[in-house]
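The opening position of the sequence shown corresponds to residue 1 in full-length UniProt numbering, with each subsequent residue numbered one higher.
Idealized CB from N, CA, C, for every residue including glycine.
All of these numbers come straight from a predicted model, not from anything done at the bench.
Data block below; observations after.
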Amino acid sequence: MKILQHLILCCLSLAIISCGSGKTNKQSTEQTPVANKFKIKQLLEKNTCFACHKQDEKLVGPSYSEIAKRSYSDERIVELIYKPEPENWPEYPAPMVALPHLDQKELLEIAHWINSLN
Numbered sequence: 001m002k003i004l005q006h007l008i009l010c011c012l013s014l015a016i017i018s019c020g021s022g023k024t025n026k027q028s029t030e031q032t033p034v035a036n037k038f039k040i041k042q043l044l045e046k047n048t049c050f051a052c053h054k055q056d057e058k059l060v061g062p063s064y065s066e067i068a069k070r071s072y073s074d075e076r077i078v079e080l081i082y083k084p085e086p087e088n089w090p091e092y093p094a095p096m097v098a099l100p101h102l103d104q105k106e107l108l109e110i111a112h113w114i115n116s117l118n
């Protein structure tokens with residue numbers, strides 16, 4: 001009988017512990033603006049975006065600020081990186097080269113950053 005009582009007590013204890021309060025010890029998973037800016041810069045360098053784009057200046061392609069003004073969704077920006085549509089930017093004589101080999105997750109981070117500039 002004592003074994004049964006101990007077994008029931010253990011099961012109840014585990015059930016109570018596993019329920020918890022629903023609160024998590026949440027350490028910030030959001031990046032600070034400085035860390036995020038540093039990571040974005042690394043991604044832009046890694047994917048050679050700086051060869052044609054700058055944040056606030058026209059270069060070979062439009063600035064990131066100009067792109068942000070178009071109010072494209074993050075997903076649409078990624079689509080346009082994979083398959084550019086030169087007719088969207090007729091004022092630039094050199095059309096963007098398609099970059100289908102780039103990582104979608106990284107591009108979504110870049111696109112989100114671009115949209116934050118608006």
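Selection Glu87, Asn36, Arg76 and Val97 evaluated against histidine 53 yields Val97 as nearest (Cα-Cα).
According to the DSSP assignment, histidine 112 belongs to the alpha helix (DSSP H) that extends over 104–116.
The Cβ atoms of tyrosine 82 and leucine 117 do not sit closer than 8 Å to each other. Per DSSP, the continuous alpha helix (DSSP H) segment holding aspartate 74 begins and ends at 74–82. Beta-carbon to beta-carbon, leucine 43 and isoleucine 110 are separated by about 6 Å, close enough to satisfy the 8 Å threshold. Less than 8 Å separates the beta-carbon of valine 78 from that of leucine 108.
When the beta-carbon positions are compared, histidine 112 and aspartate 74 come within less than 8 Å of each other.
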